[in-house]
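Beneath this line is the structure, given in structure tokens, with notes to follow.
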Amino acid sequence: MVVMIRNNLIYWYLPTTDKEIRRRGRLHVQTLTEGSERLQLQLPDTIYCFNLYDEPICKMAGRCVVPVFSMHKRFNAKTDRAEDDDVLLPHLGHSFDRLLFFPWHQKDPRAMLRATMQASMDTDCVRAQLAELSSRIPGAKLLDVGFSRNRKESWDMPKSYQRPYIPIHSHALYKFLINADGHVSSSRLGYIMQTNSVILKQRSPWIEYYYRSLVPGTHVLEYGPEDVLDLLIKYKDPKLDGELRRLANASQHFCAKYLTTDGKVRYTVRALQEYTQLYGDAMPALVQDVHVGPDRDLSPSDFETLMEMMRATKWRKDGGSSSSNDSSNGTSDGSSSLRRRRRSNMTDAVEAGVGYLPIRLAGQQH
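All residue numbers in the sequence shown are consecutive under the numbering used here, ending with 415.
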């Protein structure tokens, strides 16, 4: 999706007929528009590309000529570097605006997960491995894990893997809630963080925009299918009950403080401001030069005009703009060295500008 913002009005181009992708696009524009008005936030005059599919796009495309926003990407915690050049934005189609409670001592002591088997997922994915553990002893005493939906038509799912659907408001009945990747990182994490339950988060390279702010042992417990049972056995010790309650409290407070719709809108606006600054004075001038009709849906001809103008407007490491013929390092604009610099700068300048910690509101303490 290509989005143009001018004078706090949002125009967008999304040619796909995929209903889910178009729904995501509409929700992004609608939530950003309504949220910025409600919070009295000034949107920057800018043009940006937002990948609405699950997979990050820059690595698949070979490179991104301009910074591209996505909802998921891979991050190597050992090297502290992203494996994808995409810049992360919140998925504005998910609402984490309520808190769910159930008395601690009345909670089911097992760890629960209700999942969907997506058509793109392998039958030996972590969700399936957890369902297998839950189907037999000793896992059956510690886990309540299964699939409430199977979208993989080629797979005859074992009956023991199938479990009834549990609505999100009933998740708080369990002491432990499990988050497991689907095709990429699972946006379900924000939903279960609304509860006063302990969150078990899969160790995984897949991240969303806020994952690097979650501290293992403070907000979540990390697991893999190879050690999840050992982890649950460890925390059966009554002496560790206080630690579990602190974990549940910290996770729920993190959600309430940062993952609400207002919090995500603030984050999105800040990210767009940092992104726009990479172009210096060129971006506002570019936006003002675009001629569009009264319809907020941009036409294919509008899109082609925008892309041509974006290709002609370069951005530099110092945040200023340059013409397509300008080359501060003595190489042509098509050189691999300049492309590498642009790609690394994109993550550094935008994500570091936003910060690895969620944006604090005025007067808040992290």
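Backbone N, C-alpha and C define an ideal beta-carbon position, used for all residues, glycine too.
Boundaries around residue 281 are those of the alpha helix (DSSP H), 277-283, since no beta strand (DSSP E) includes it. Annotated as proximal: residue 168 and residue 200, with beta-carbon spacing under 8 Å. Nearest Cα to residue 165 within the set 111, 218 and 233: 233. Taking the Cα of residue 207 as reference, the smallest distance to any Cα among 215, 214 and 197 is reached at 197. Nearest Cα to residue 287 within the set 145, 212 and 158: 158. Here residue 145 is buried: its Cβ has 16 or more other Cβ atoms, across all protein chains shown, within 10 Å.
Our two residues, residue 266 and residue 191, have alpha carbons roughly 20 Å apart in a direct line. For residue 314, the enclosing alpha helix (DSSP H) has its first and last residue at 310-326.
Pairing residue 258 with residue 95 gives a Cβ-Cβ distance that is not under 8 Å.
In this structure the stretch 284-299 does not touch the stretch 51-70; the number of beta carbon pairs closer than 8 Å is below three.
Note that the C-beta distance between residue 81 and residue 162 is not below 8 Å. In its chain, beyond the 5 residues on either side, no residue has a beta carbon closer than 6 Å to the beta carbon of residue 155. Looking from the CA of residue 119, the closest CA among 174, 315, 50 and 61 belongs to 50. Straight across, the Cα-Cα distance linking residue 321 with residue 88 is about 16 Å. Under the three-pair Cβ rule at 8 Å, the stretch 124-135 counts as touching the stretch 93-113.
Under DSSP, the beta-bridge partners assigned to residue 96 are 53. Remark: C-beta atoms of residue 277 and residue 60 do not approach each other more closely than 8 Å. Residue 89 sits in coil when the DSSP states are folded into three classes, being neither helix nor strand. Unbroken alpha helix (DSSP H) runs of no fewer than 4 residues, entirely contained in the stretch 154-216, are found at 175-183, following chain order.
A straight-line Cα-Cα distance of about 14 Å links residue 230 and residue 195. In the structure shown, residue 75 adopts helical secondary structure according to DSSP, grouped into three states. In this structure residue 236 touches residue 143 by the C-beta definition: roughly 5 Å separates them, less than 8 Å.
About 6 Å separates the beta carbons of residue 148 and residue 305, which is inside the 8 Å limit, making them a contact pair.
The Cβ atoms of residue 101 and residue 54 do not sit closer than 8 Å to each other. Ranking 121, 127, 98 and 125 by CA distance to the CA of residue 113 puts 98 first. By a beta-carbon distance limit of 8 Å, residue 215 does not contact residue 226. Their separation comes to about 10 Å. Sixteen is the threshold: when 16 or more other Cβ atoms of the shown chains lie within 10 Å of the Cβ of residue 251, as they do, the residue is buried. For residue 149, there is no enclosing beta strand (DSSP E), since its DSSP letter is neither H nor E. A direct Cα-Cα distance of roughly 6 Å separates residue 245 from residue 221. Residue 271 and residue 335 have their C-alpha atoms spaced approximately 46 Å apart. Shown here for residue 311: same chain residues with a beta carbon closer than 8 Å to its own, the five before and five after excluded, namely 84, 87 and 88 in chain order.
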